[in-house]
Every structure is written in structure tokens, then in C-alpha cells.
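Trainee: Can you read through this structure? Questions will come right after.
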Amino acid sequence: SSASILLFCGSYSYINKWHSQSEREMRFLMKFGGTSVADAQCIRNVVDILEKHHKAGDELAVVVSAQRGVTDQLIEITSKLPTAKDDTAIEPLIQALGKRHMTTLEGAAPDYIAETGSVIEDRLISLQNILFAVYNLRELTPRSKDYIISFGERMLAPIISAALRQRGIPSSVIDGCDAGILTTPQHGESTALLESDARIKKRLGPLLGKEIPIIMGFMGCTRNGVVTTLGRSGSDYSASIIGAGIEADEIWIWTDVDGIMTCDPRVINDARVMSSLSYIEVMELSYFGAKVMHPRSIEPAMRKNILVRVKNTFNPSHMGTVIVRNGQRDHRVVKALTYIDKVAAININGAQMIGRPGVAKAIFTILADHEVNVMMISQGSSEANISLIVDEAHLNAAVHALSDLVKQGIVREVTHNHDVCAVAVVGAGMAGAPGTGGRIFTALGKTGVNVMMISQGSSEANISFVVKQQDGPKAVRVLHDEFRLSEVCDE
Ligand code: ADP
Ligand code: ASP
Ligand code: MG
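The numbering used here puts the first residue of the sequence shown at 32, with every later residue one more than the last.
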């Protein structure tokens, strides 16, 4: 009878579910970076990956960044237009962007050339109009800059979505603001507000499992709906914000290397991919310049205890790097190294500082008021000197702010030095492993690298120091060898 057939079907699907418990369907947030979407061939690759998970029944939400190089092009033109002699740079850029995106669309989603092509064209017209406005007004506000530099994502996301539909997978496009990312109004470097979580869940939740939403990375908006951007490489941060909002089981960051490596592979040619790291270790690495991830991109995942995986779009069978609360304990005390050369040192001198408790407060308050990001601090024991390391981009603001303190007689003199770089030695095992500092500085001393400043983060997962710019690559080479980071051990 029909009743018994129904019963049979019911128990069959029950058994099926029970059977697949260890491999149950997952909810993933996947993010694809600029290289992963650089052309039609790459995008077909991306669609292969998504199709596989879609067919396996996984729920997917996807964050994409701009095609490689596009954000750089947009930043470059915004920096020139307000003082340009004429507006002749605008049209060639619009042409080039149009050609690149249309070629990509043709290769990735041939059935959607008309539909998606007209979306791209609309976006190009908007972009062109804003660029002319910037030129004519001779003014680039932080708001208009953020809006302009978000166009790389605005043009690419519709192509990825069309490429999925080309394969018969339902998909729509959502910008970062509509996806629910609310941010502080700090243009160019805004931070997501916690209330984003609930908004994201409300907006994306109903779509999951029914389609694959393609979310434009790198952008959000303020409570008033003004577009903001999250800082360079910000779509990693978008991925984590959205992943936390939808309470993904895992967040996968797809890029062009097999995972997070012991050092920047462009600096150390035998850098090795690490199979696992802790949230704290990755935060320290990215904060100190490992260009593989945006510095804030761990925070939202960590808040919700979501596993983050870094994987290679061009080598998807590689396990990649797994990032969790407590990375696997291993024998290695030092796990990875980074260095940043885009930093500057500021020295604040003045005997007036001795024994005056308010001086440090005055310095850090005024720097915070000017939105200067201080990466390292050291104070001599005589208290007559405080040294700071700041992002090179913040140096002018910092020097300007501190000159006020000189005028007020709070400090005597402020000097700065561009010719430095910061190196960070990272590993959660350093906490409680005495002697690591000694080993680091002995190795550097033997090679004749002069250390100008040292600082240890309170997490104890990081010892960082400052050397002359030209000594940076040598310092990381020496330490990579000293701690045998290219050798595999039982991680
Ligand atoms: P995406 O476009 O996917 O966001 P990025 O170019 O931003 O990719 O980041 C990946 C690149 O980061 C790699 O190609 C690599 O050259 C560089 N990189 C720097 N430091 C590291 C590191 N420690 N581990 C892995 N990659 C690193
Ligand atoms: N497109 C942005 C950038 O180039 C964001 C990103 O790629 O993550 O910085
Ligand atoms: Mg990136």
C-alpha cells in the first residue's frame, strides 16, 4: 500500500541521515581572493570547487574580492585626480576595466553576457561619473574614496554569480552593506560592529541551502548607510564577519598558496606550509605584516569559535592550514616569522618626562585622537625617552600630533626614522619557554644585525624587534635557519 511505501521512504531517509552523521552537510563561508578570480579560467576553477560542495549538500555563502590589481588601479587614480592637470586618465581606465571584466564574463558565463554585461556597464558608468566629479570638484573625501575603491568588488561579484547560474546553481549578488555588515565610520579602515551578526543572520539565513549568495567583500556601511571599506585585504575580514554572522561550521579562505607559511615565500624561498596554527598565532602574524591575511580577520571567527582554513584554489586537494583556538601543541616553540618594512620609528625625548606620570598618557591620547596605529612601544629605564613604531602611512599624522606636545613643553623633542623594519617571531609555545629571546638575539648578534628596539606582546606568542630596513631580510633568514623552520616536524 501507499502507506507502507511512505513508511519505507521515511525510514530510509532517517537511516541515510544517521549514516552520514560523520560526514554531515556543512555550512561554509568561502572567500576567494583576487588571484583566485583573476580571469575566466580561474573563475571556472572556483565554480568547480563550489559545485562540488553544493552537490554534496553543503550550505554555502561566498565572499569575493576584486580581480587582482583592480583595487590598486582605483586607489591610484583617486590619488591623482584631485590635483591632475586634466581628466584624460579617466576614460582609459574605464575602458580597461570594462574590457577586462567583459572578457572574464564571456569566458566564465557565456549565456549571461547580455544580462550581467549590462550590470557591469551600469557600474562602469557610475564609476566614471564619480571620477569626473572628483576631478571637477578637485576634492576627494574619505567617503567618496571608499565608495570608489569598492568598485572592484562591485564589478566582479555579478560575474561569479553568473558563472554559478551558468552551471545551473541558483545564486544572487549582495553588496557588503546589504549583507548586513555595519561598521564604524573610520573610512579606509573601518571595524565591524557587533550588531552586524544579527543583521547578517536575518539577511543571509533565509538564502542558505536554497542558493549560493555571492557577497562583495571589502565593504560595509555605517549606521547611516554610508559605504565604508575595511582596509587593504579587507575581504578576508568580510569573510570572517559573515562567517560569524551565519554561524558557519567553517570559514575557508581560498588563496594562491597552499596555506600559511613559516615566512613570506617571496622573502624566504624554502618557507614551509604549516598544517595548524592557533587564532592568537595568526593574529600576531597578520598584525605584524604577514600579507596572507587581513589583521582583523581572525577576531569574528574567534568570537564564535569557528574553524578557519586557508586553502589553495589552484591545488584544492592540499589540506591547507587549519586555524583553531588551541593550535596543536608541537615541539616547536617558534613557528613563523614576518617582517614589515612599511613602518617608521618615532623617538620622543625630553628629560621633562622623568617622574611625570601623565606624559605617557598625553602621548597615547593625542596619537589615538589622530587615529595613529602604534605597533610597538619601548621606554628606556631612564624614562627620558619613549620610542614608538607606527605604520608608515600614519607617520605624518603622528609627528604632527606630537609636535603639539613639544609646543606645550610636555616633551622636548620628537624625531623619526623611515629606514627601519619590524620583524616578529611568532609561536604560542614561547610562553613558558625561557631562553627563546636569548636564542633570537644571539643568532642575530652573530650575523652582525644590530637590533634597535625590542618588544614582547602580552600574549607572549610574539617577540618583535626593529632593525635597519636593509637588515630585515637577513634577520628573517638567520632566524628561519636558527629555528629550522623549513624542516618538517610532527606538528
Ligand atoms: P588573495 O588575493 O587570495 O587575498 P594575497 O595576495 O592577499 O591573496 O595573499 C596571498 C599571498 O600572501 C601569497 O601569494 C604569498 O605570496 C603572500 N604571503 C606573505 N606572507 C605569507 C605567509 N606567511 N604565508 C603564506 N603566504 C604569504
Ligand atoms: N580588493 C581589496 C584589496 O585589494 C580587498 C581584498 O582583496 O581583500 O585590498
Ligand atoms: Mg588578500
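Think of the CB as a built atom: it goes at the ideal place given N, C-alpha and C, for glycine as much as any other residue.
Since the structure is predicted, the reported quantities are computational estimates derived from the model, not experimental observations.
Assuming the contact rule is C-beta atoms closer than 8 Å, L316 and V457 should be a hit. Round their C-beta distance to whole Å, please.
Mentor: Yes, L316 and V457 are in contact; Cβ-Cβ is about 5 Å, under 8 Å.
Trainee: Does the Cβ-Cβ distance between A115 and Y166 come in under 9 Å?
Mentor: Yes, the Cβ-Cβ distance between A115 and Y166 is below 9 Å.
Trainee: Let's test the definition: count the other Cβ atoms within 10 Å of the Cβ of N493 and tell me whether it reaches 16, buried, or not, exposed.
Mentor: The residue in question, N493, is buried, as its Cβ has 16 or more Cβ neighbours within 10 Å.
Trainee: Can you check the stretch 259–320 for any beta strand (DSSP E) of at least 3 residues that lies completely inside it and give the ranges in chain order?
Mentor: If we require 3 residues or more, the beta strand (DSSP E) runs fully inside the stretch 259–320 come out as 281–286 and 307–309.
Trainee: Can you have a look at R297 and say buried or exposed, based on whether 16 or more other CB atoms are within 10 angstroms of its CB?
Mentor: It is exposed - the Cβ of R297 has fewer than 16 other Cβ atoms within 10 Å.
Trainee: Would you identify the three-state DSSP class for M133, choosing helix, strand or coil?
Mentor: If DSSP states are grouped into helix, strand and coil, M133 belongs with the helices.
Trainee: So, is A139 buried or exposed, given that buried needs 16 or more other C-beta atoms within 10 angstroms?
Mentor: Buried is the call here.
Trainee: Check each candidate in V437, A367 and I231 and name the one with the smallest Cα separation from E518.
Mentor: Checked all of V437, A367 and I231; the closest Cα to E518 is A367.
Trainee: From the DSSP output, in three-state form, read off F395 for me.
Mentor: Helix.
Trainee: Does DSSP put M324 in a helix, in a strand, or in coil?
Mentor: In this structure, M324 counts as coil in the three-state DSSP scheme.
Trainee: Give a single yes or no on whether H132 has its beta carbon closer than 8 Å to a heavy atom of the ligand ASP.
Mentor: It does not: the Cβ of H132 is nowhere closer than 8 Å to a heavy atom of the ligand ASP.
Trainee: When you measure from the CB of G320 to every non-hydrogen atom of the ligand ASP, does any distance come out below 8 Å?
Mentor: No, the Cβ of G320 stays beyond 8 Å of every heavy atom of the ligand ASP.
Trainee: Would you check if the stretch 325–342 and the stretch 261–277 touch, i.e. whether three or more CB-CB distances between them fall below 8 Å?
Mentor: Judged by Cβ distances under 8 Å, the stretch 261–277 makes contact with the stretch 325–342, as three or more pairs qualify.
Trainee: Under 9 Å between the Cβ atoms of A453 and F496?
Mentor: Yes, these two residues count as a Cβ contact at 9 Å.
Trainee: Where does the unbroken alpha helix (DSSP H) through I212 begin, and where does it stop?
Mentor: It is not in any alpha helix (DSSP H) - I212 carries neither H nor E in the DSSP assignment.
Trainee: Three Cβ pairs or more, each shorter than 8 Å: is that satisfied between the stretch 432–451 and the stretch 398–406?
Mentor: As far as the Cβ criterion goes, the stretch 432–451 touches the stretch 398–406, which means the pair count is three or higher.
Trainee: Hey, would you say the C-beta of H325 is under 8 Å away from at least one heavy atom of the ligand ASP?
Mentor: At least one heavy atom of the ligand ASP is nearer than 8 Å to the Cβ of H325, so yes.
Trainee: By Cβ distance below 8 Å, which residues in the same chain neighbour Q410 in space, the five residues on each side in sequence not counted?
Mentor: Within the same chain, Q410 has close Cβ partners A391, N416, I417 and S418.
Trainee: With 16 other CB atoms within 10 Å as the buried threshold, where does I156 fall?
Mentor: With fewer than 16 Cβ atoms within 10 Å of its Cβ, I156 is classed as exposed.
Trainee: Can you list, in chain order, the residues of its chain whose CB lies under 8 Å from that of V76, leaving out five sequence neighbours each side?
Mentor: The displayed chain sequence assigns Asn, not Val, to residue 76. So the list reads S67, T344 and F345, once near-sequence residues are dropped.
Trainee: DSSP puts A223 in a beta bridge; with which residues?
Mentor: DSSP lists T214 as partners of A223.
Trainee: In the DSSP assignment, what residue or residues form a beta bridge with A455?
Mentor: A455 is bridged to T369 and S495.
Trainee: Beta carbon of C252, beta carbon of T293: below 9 Å?
Mentor: Cβ atoms of C252 and T293: not closer than 9 Å.
Trainee: Should D103 be listed as close to the ligand ADP, given that the test is whether its C-beta is under 8 Å from any heavy atom?
Mentor: It does not: the Cβ of D103 is nowhere closer than 8 Å to a heavy atom of the ligand ADP.
Trainee: Does DSSP put N167 in a helix, in a strand, or in coil?
Mentor: If DSSP states are grouped into helix, strand and coil, N167 belongs with the helices.
Trainee: Under three-state DSSP, which class holds I243?
Mentor: Correct three-state label for I243: strand.
Trainee: Under a three-way DSSP split, which group does L510 fall into?
Mentor: Helix.
Trainee: For A455 and I420, which I take to be in contact (beta-carbon distance under 8 Å), what is that distance rounded to the nearest angstrom?
Mentor: Not confirmed; about 11 Å, so no contact.
Trainee: Along the chain, where does the beta strand (DSSP E) that runs through S202 open and close?
Mentor: Unbroken beta strand (DSSP E) run through S202: S202 to I205.
Trainee: Compute the distance between the beta-carbons of L158 and A193, then report whether it is under 9 Å.
Mentor: No.
Trainee: Does D295 pass the burial test, meaning 16 or more other C-beta atoms within 10 Å, or should it be called exposed?
Mentor: Burial call: buried.
Trainee: Going by DSSP, what residues sit across from R58 in a beta bridge?
Mentor: Looking at the DSSP assignment, R58 forms a beta bridge with E90.
Trainee: Would you check if there are 3 or more beta carbon pairs closer than 8 Å linking the stretch 198–216 to the stretch 230–249?
Mentor: Segments in contact, yes.
Trainee: Consider the C-beta atom of T286 and the heavy atoms of the ligand MG; say whether any pair is separated by less than 8 Å.
Mentor: Correct: T286 has its Cβ closer than 8 Å to the ligand MG.
Trainee: Would you give the residue range spanned by the beta strand (DSSP E) that I420 belongs to?
Mentor: From DSSP, the beta strand (DSSP E) with I420 extends over N416 to D422.
Trainee: Whole angstroms is fine: what's the gap from I200's alpha carbon to M186's?
Mentor: Using only the alpha carbons, I get a separation of about 20 Å.
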